[in-house]
Amino acid sequence: MPYVAVECQAQRWTVKADALTAFEHDIDATVYDAVRNAVVRLIRSREIRPDSSAGPVYFVLYDLKNEDRARELAAALHAALCGELSPLAQAVPDTRT
């Protein structure tokens, strides 16, 4: 299973996901494309910083304004990395799945 964490840094929230530590867990190209698209959409909407990372095995969403949104995105990212894309599509609308 990929490792996903939520942390607070200077009153802003960060979501980190690490699939490298998930031995024998490959990220399907469709999953990677959906996650990358979601990160791009979040950057373009200025919800996260442009230096956020869209993988391929380490994902970081910097500068979220509140804990609830950070947790929602963390759960959606974890589900996506485990092959369930619908939470990501709900959390970041227009994410292609």
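Per the working numbering, the sequence shown starts with residue 2, numbered consecutively.
We put the beta carbon where it would ideally sit given N, CA and C, even for glycine.
Ends of the beta strand (DSSP E) at residue i?
i, result
"L21", "Run containing L21: none; DSSP gives neither H nor E here."
"C9", "Y4 to Q10"
Which residues bound the alpha helix (DSSP H) around residue i?
i, result
"L89", "S87 to A92"
According to the neighbour-count rule (16 or more other Cβ atoms, all chains shown, within 10 Å of its Cβ), is residue i buried or exposed?
i, result
"V93", "buried"
"S46", "exposed"
"T31", "exposed"
"V21", "For clarity, residue 21 is Leu in the given sequence; the question names Val instead. It counts as exposed."
"P3", "buried"
"S53", "buried"
"V5", "buried"
Cβ of residue i within 7 angstroms of any heavy atom in the ligand PLP?
i, result
"P3", "Among the components modelled here there is no ligand, and therefore nothing to report on the ligand PLP."
Could you tell me which uninterrupted alpha helix (DSSP H) segments, each at least 4 residues in length, are contained entirely in the stretch 12–70, listed from first to last along the chain? 30–45
Taking 8 angstroms as the cut-off, does the stretch 5–16 touch the stretch 27–36 (at least 3 CB pairs, one atom from each stretch)? no
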